[in-house]
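So the sequence lines, in the order shown, correspond to chains A and B.
The C-terminal position of the first sequence is numbered 1523 in the working numbering, with every residue numbered one higher than the one before it.
The C-terminal position of the second sequence is numbered 177 in the working numbering, with every residue numbered one higher than the one before it.
The block underneath contains the structure these notes are about, expressed in structure tokens.
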Amino acid sequence: MDVAKYAALFLAESREHLSSCNQLLLEWEQDPAAADALGGLFRSIHTIKGMGATMGFTGVAELAHRMENLLDALRHGLVTVDVGTFQLLFQAVDALGRAVEDAAAGREGGSDAALTVALEAAAGGPPEGVADVATLVEGKRQHRRSTDAPRGRSVLIVIRGDAVMRGARAILAVRRAETLGVVSAVRPSLAQLEREEFDGRLAIRMESRASDEELAAIIRTAGEVEAVRFEEPSSWATAEPERHRQIRIDLDRLDRLMKQVGELIVAKNQLGVMAARSDDPPLTELSDRITRLVSGMQAEVIASRMTPVGEVFERFPRLVRDLSRDLGKRIRFDVEGEDIELDRSILDEIGDPLLHLIRNAADHGIEAPDVRQQAGKSAEGRILLAATRERNSVTLRVSDDGRGIDRAALLAKVRREGQSDATPETLSDDDVLRVIARPGFSTAATVSGVSGRGVGVDVAMTRVRALGGTLEIRSEAGRGTTFLIRVPLTLAIVRALLAEAGGERYAVPLAYVAETVEFDPRAVTALRNREALVVREQVLPTVHLRDLVNAGGRPAPARRPTVILEVGERRTALVVDALLGQQDIVVAPFDAPRGMPPYVGGATILADGAPALVLDAAALL
Amino acid sequence: MSHTVLVCDDAIFMRTMISDILAQAGFDVVGEAESGTQAVEKYRSLKPDLVTMDIVMPDMGGIEAVREICKTDPEAKILMCSAMGQQALVVEAIQAGAKDFVVKPFQPSRVLEAVQRVLG
């Protein structure tokens, strides 16, 4: 069998399992007494072992096998878990991850001898020799069987070490158990037991009305039974997630589909314009119908690309754990809103910015335990990663309850560079962000308290902006810092408001449009020496699109609409010449040429086939 | 009242030894069989509380005998007597309905433990 074609699947599935291993290890480490995670860990590692062996990746299979030995010993209480065990398991999961990646990339990395020895030692001695590939594959099969079994009780049976024919004894024990219920799975398999290919321990899954005591008693009548233990079903084979009919689709394919739908929308828009002009009822009707069909199709394609943010979030608990360990801090990491969904392509891009922000929070935000206590805080700091859904966007929040940004120190540094005349009191959050998001800010920083704060903030800012999103900061000295990332639900197709200025058309993503009002010259006032408008008793900084784009030509019309842009809690008034309605636009990826003003977020083709610039609302604020 | 036992083995040596072990422990050895066929017949006529059954016997083997006996009496308490290296056969006997097994060379204590388990 040519297994090469399964390499991608192997890689994807292994990654999922490794990710879940990290998750389970973290949970378990939080509460070492609760061994619920152990069963899941064992299953994941076991699955990777089986897959690795099937692929012929002996490095993967051997490492997984050693980990399995340790997990097995832990599961049966032969060795007990301690801090070192967790560290070792984390290391092993990492090493297994590398082995998987190496193997899938065609590099068979060398095995880590030290890790191997450590795993063996932790498992209470050298393991049985690594079984050959065929046996491992067999192991995988019976693993399948056992996890496919219905819910029920899990019984661990240990046959005495000095018993003869332990395999037959084990089978006898299974038979005894069967007198009180239905045994749905046996591990190792009966065939393996018969060949005595086991170490005296077997696990069965069964459904029975009998009590644990009754079951244990009947199993013991098989003789030579050293121990009978019961586990909650969740610990050995957690309830399998509900089975949906699913297929895996290459994201590239979905990207192409999305692009096609985008083109279709442009064509549909053009058809709509033609139909409106034609005064031909059948054509208008057809155009309307196509519009509805394309909208439905667009919704389906977008839905198929939606992925819970939890997929990206799940790697962070491990990161924070490692960071707090390295930094000698105590950090509680909480995650909220894992189920909120985002377009896969945005999700893929959002991981890095979050990583930078979380690392910053752990490294620079959260103080050392003694410092926190002196400040009257709990020794344990807290970082919260939360996702919330808003109208057409998702907000990702990284908050810490650490020291906050030291504005005085920040200003001192900025003043040395002669860049600001602000005072700590007047330095707004936006100003803070502008400073720390400057490329190279961190490397130049020597100021304590903010040192390194900029690490990655510029990177995060750039990435988020490239997604059509925004980044905000809120920081309070002594209380902590919050970063807010706002990204659109999906890329590529956005609903936009079309505006005209100086004879050119511009698209403003609707996600950032709060409302439109009529420009009232009497409402003009000044805010910090800049023009501002009073709208609903709120003074908003004002931007004239004509001025912004240096539009010449006809003078501005007397009656001018004003678009109120809103990003988070910040608002700005954008005065335009005319509003031309709403349209779904396909934002073309935009490699901004040099000199392109920052307020241009992309370009699009309008319904009539003419190009238009897409405004970046955040840059206008 | 002591339990009745039927001892099945093709070797007189083994039958004698097993009978002695059981008798000394207070069991009532009511019969002996030297083949599977005999074992089935004697089980039906004697209705013993317990049967010890050798696996390899002439004419009808022990496993076949277990199958036959369990056909009419699924609750029959049969203890298999096996030699080393016959694990697959022992497993087969268990699947056929044997309730326990002991492995030669016999240690009297193990035989008695097994008998006690089978008789409950």
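For glycine and all other residues, C-beta sits at the position ideal for the given N, C-alpha and C.
| query | Between the Cα of residue 1502 of chain A and the Cα atoms of A:1521, A:1487, A:1486, A:1509, which residue gives the shortest distance? | reply | The closest CA to that of residue 1502 of chain A, considering only A:1521, A:1487, A:1486, A:1509, is found on A:1521.
| query | At a CB-CB cut-off below 7 angstroms, which residues of chain B make contact with residue 1070 of chain A? | reply | 144, 147, 148, 151, 158
| Spatial distance of residue 959 of chain A from residue 943 of chain A (CA atoms) | 20 angstroms
| task | Taking all protein chains shown into account, decide if residue 141 of chain B is buried (16 or more other Cβ within 10 angstroms of its Cβ) or exposed. | result | It counts as exposed.
| field | Buried versus exposed call for residue 92 of chain B [16 or more other C-beta atoms within 10 Å across all chains shown] | value | Of the residues assessed, residue 92 of chain B falls on the buried side of the cut-off, its CB having 16 or more other CB atoms within 10 angstroms.
| At which residue ranges does the segment 1421-1472 of chain A contain complete beta strand (DSSP E) runs of 3 or more residues, listed in the order of the chain? | For the segment 1421-1472 of chain A, whole beta strand (DSSP E) runs of length 3 or above, ordered along the chain, are 1426-1429, 1432-1437, 1440-1446, 1463-1469.
| task | Under 8 angstroms between beta-carbons, which chain B residues line up against residue 1125 of chain A? List them in chain order, please. | result | 157, 170, 171, 174
| said: Can you check whether the C-beta of residue 1248 of chain A is within less than 7 angstroms of a C-beta belonging to chain B? | reply: no
| message | The beta strand (DSSP E) that contains residue 1369 of chain A, what's its start and end? | response | Where residue 1369 of chain A is concerned, there is no enclosing beta strand (DSSP E), given that its DSSP letter is neither H nor E.
| said: Give me the subset of the segment 1217-1237 of chain A whose CB atoms are less than 7 angstroms from a CB atom of chain B, sorted by chain position. | reply: none
| query | Using the C-alpha atoms, what's the distance from residue 1080 of chain A back to residue 1264 of chain A? | reply | 54 angstroms
| said: Just verifying my parser: in three-state terms, what is the DSSP assignment at residue 132 of chain B? | reply: coil
| request: Determine, using beta carbons only, whether residue 1077 of chain A comes closer than 7 angstroms to chain B. | output: yes
| task | Taking only runs that begin and end inside the segment 1239-1274 of chain A, name each unbroken beta strand (DSSP E) of 3 or more residues, in chain order. | result | 1243-1245
| message | Rounded to whole angstroms, what is the Cα-Cα separation between residue 1398 of chain A and residue 1434 of chain A? | response | 24 angstroms
| message | Please tell me whether residue 1252 of chain A and residue 1285 of chain A are closer than 7 angstroms, where the distance is taken between their beta carbons. | response | no
| DSSP puts residue 138 of chain B in a beta bridge; with which residues? | According to DSSP, which records beta bridges pairwise, residue 138 of chain B is partnered with B:111, B:159.
| said: Helix, strand or coil, according to DSSP, for residue 1530 of chain A in the structure here? | reply: Any property of residue 1530 of chain A remains undetermined from this structure, which presents chain A solely from 903 to 1523.
| Proximal residues of chain A, C-beta to C-beta of residue 177 of chain B below 8 angstroms | 1123
| said: I need the DSSP call for residue 1410 of chain A, collapsed to helix, strand or coil. | reply: strand
| said: Taking the straight line between their C-alpha atoms, what separation do you get for residue 158 of chain B and residue 1125 of chain A? | reply: Taking the straight line joining both Cα atoms gives about 9 angstroms.
| Residue range of the unbroken beta strand (DSSP E) whose run includes residue 1061 of chain A | 1055-1061
| task | Just mark residue 1452 of chain A as buried or exposed, buried being the case when its beta carbon has 16 or more other beta carbons within 10 Å. | result | If you draw a 10 Å sphere on the C-beta of residue 1452 of chain A, you find fewer than 16 other C-beta atoms in it, and that means exposed.
| said: Rounded to the nearest angstrom, what separates residue 1105 of chain A and residue 945 of chain A at their Cα positions? | reply: 13 angstroms
| What separation, rounded to the nearest whole angstrom, lies between the Cα atoms of residue 978 of chain A and residue 1058 of chain A? | One C-alpha to the other measures close to 8 angstroms.
| request: Verify the CB distance criterion: does residue 1066 of chain A have a CB-CB separation below 7 angstroms to chain B? | output: yes
| query | Taking residue 1062 of chain A as the reference, which of A:1412, A:983, A:1122, A:1227 has the closest Cα? | reply | Out of A:1412, A:983, A:1122, A:1227, A:1122 has the C-alpha closest to the C-alpha of residue 1062 of chain A.
| Where does residue 988 of chain A fall in DSSP's three states? | helix
| request: Kindly give me the distance between the Cβ atoms of residue 1409 of chain A and residue 1514 of chain A, rounded to whole angstroms, as I take these residues to be in contact under 8 angstroms. | output: Here residue 1409 of chain A really is in contact with residue 1514 of chain A; their C-beta atoms are around 5 angstroms apart, less than 8 angstroms.
| request: Measure the alpha-carbon distance for residue 1390 of chain A versus residue 1447 of chain A and round it to whole angstroms. | output: 23 angstroms
| query | If you run the structure through DSSP and keep just helix, strand and coil, what is residue 70 of chain B? | reply | helix
| message | DSSP has residue 1316 of chain A in a bridge; who is on the other side? | response | The secondary-structure analysis by DSSP pairs residue 1316 of chain A with nothing; it has no beta-bridge partner.
| field | N- and C-terminal bounds of the alpha helix (DSSP H) containing residue 1506 of chain A | value | First-last for residue 1506 of chain A: 1502-1507, but that is the beta strand (DSSP E), not the alpha helix (DSSP H).
| query | From residue 1072 of chain A to residue 1246 of chain A, what does the alpha carbon distance come to, in whole angstroms? | reply | 49 angstroms
| query | Among all the DSSP beta bridges, which residues are the ones paired with residue 1108 of chain A? | reply | A:1055, A:1085
| query | Across which residues does DSSP place residue 916 of chain A in a beta bridge pair? | reply | Residue 916 of chain A pairs with nothing; no bridge assigned.
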